[in-house]
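22 is the number of the first residue of the sequence shown in the numbering used here; add one for each residue after it.
What follows is a set of notes on a single structure, which appears directly below.
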Amino acid sequence: MGESLQRFWAQRGDAIILNALQIALIVALLLVARWLGARVIGVITRALTRKVEASERRQAQIRTVSALLNSVLGYVLLFVGLLSILGALGVNLAPVLATAGVTGLAISLGAQQIVRDVLNGFFILVEDQFAVGDEVTIDGVRGVVETMGMRITRIRDSEGRLITLANSSISRVTNHSRGGALLSLEVSLAAEYGLDAARAWLTRTCAAFVHPALQTPIEVRGPLTLETARYTFQLRAHAAAGQLETLGDALREHLLTHAHADGVPLA
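Rendered as structure tokens:
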């Protein structure tokens with residue numbers, strides 16, 4: 022028995038040691054690659070979180086993407102490591118790669134749509150195109166974003182319908198909740214009131230108007246026309262995003278109330 026082991030070691034000892042060293046080197050390289058990959062993903066995740074100034078929900082989504090990337094990296098390195106170790110042991114990899122290629126092709130053909138959904142969802146998230154609670158129009162569908170996932174986005178429209186969109190189908194997004202809107206309103210006063218008096222009354226009445234959606238003082242322009250019966254002025258101001266109609270209605274009501282109270286003849 023002892024002589025058999027000695028003969029086996031004399032014949033195979035060097036090859037076993039070489040294979041062991043190769044496997045150890047492969048494992049070490051994989052561990053280094055895993056560590057470096059995790060560090061890079063972590064740095065990118067922290068940078069995106071600071072850049073986007075994300076809400077807690079958005080930060081959670083970014084962390085989800087980070088975990089997904091770490092998981093994918095782990096599986097890729099595991100697959101590469103197994104193939105490298107089998108190659109170091111002298112295993113013929115051609116049949117293995119052929120089987121993996123056929124299987125991978127079948128899976129990829131069946132999962133193309135899912136992959137496109139996930140990739141587009143990732144870019145929507147990173148580019149901060151919209152967030153939960155934003156009022157958006159996506160490819161002609163307008164509503165409030167209720168949920169955002171890596172594969173689908175759900176929007177609640179004005180009639181209460183919940184619309185589910187695959188992220189890969191999202192090609193054009195209009196976000197009504199970002200930035201501001203310009204309010205432009207024309208008001209006509211009877212010419213009998215007098216041009217200077219009409220301008221002064223509008224300026225004074227607009228200065229007294231207060232509304233949470235009003236972002237700038239109301240500018241009185243005009244008169245735009247000098248008709249015999251009336252003077253027409255233009256009122257301009259910046260409104261909060263998504264509040265243009267509400268602000269316009271409130272300003273009209275404010276002007277009507279003060280016109281009746283002050284006896285100013287609107288035309």
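Virtual Cβ for every residue (Gly too), placed ideally from N, Cα, C.
The model shown is predicted, which means the values in this text are computed figures rather than measured ones.
Would you identify the three-state DSSP class for residue i, choosing helix, strand or coil?
| i | result |
| --- | --- |
| ARG182 | coil |
| GLY161 | coil |
| PHE230 | coil |
| THR253 | strand |
Using a 10 Å radius around the Cβ and a threshold of 16 neighbouring Cβ atoms, would you call residue i buried or exposed?
| i | result |
| --- | --- |
| GLN134 | exposed |
| LEU39 | exposed |
| LEU276 | buried |
| LEU110 | exposed |
| THR185 | exposed |
| LEU247 | exposed |
| ASP217 | exposed |
Which residues bound the beta strand (DSSP E) around residue i?
| i | result |
| --- | --- |
| PHE143 | Per DSSP, PHE143 belongs to no beta strand (DSSP E); it is in the alpha helix (DSSP H), 133 to 148. |
| LEU203 | 201 to 211 |
| VAL194 | 194 to 196 |
| VAL153 | Premise fails: VAL153 is in no beta strand (DSSP E) and is neither H nor E. |
| LEU245 | 240 to 247 |
| ARG172 | Here ARG172 belongs to no beta strand (DSSP E), and DSSP marks it neither H nor E. |
Between the options, which has its C-alpha nearest residue i's C-alpha?
| i | options | result |
| --- | --- | --- |
| GLY181 | LEU69, VAL165 and VAL194 | VAL165 |
| ARG55 | VAL97, THR224, GLN43 and GLY170 | VAL97 |
Would you mind reading off the limits of the alpha helix (DSSP H) that contains residue i?
| i | result |
| --- | --- |
| THR267 | 265 to 283 |
In whole angstroms, what separates the C-alpha of residue i from that of residue j?
| i | j | result |
| --- | --- | --- |
| ARG257 | ASN196 | 22 angstroms |
| ALA219 | GLY142 | 54 angstroms |
| LEU99 | ALA41 | 18 angstroms |
| GLY102 | ILE62 | 20 angstroms |
| VAL208 | ILE173 | 46 angstroms |
| THR226 | ASP178 | 36 angstroms |
| ALA188 | GLY201 | The amino acid at residue 188 is misidentified as Ala; the sequence shows Asn. If I take the Cα positions, the gap works out to 26 angstroms. |
| PHE254 | VAL194 | 35 angstroms |
| ALA211 | LEU223 | 13 angstroms |
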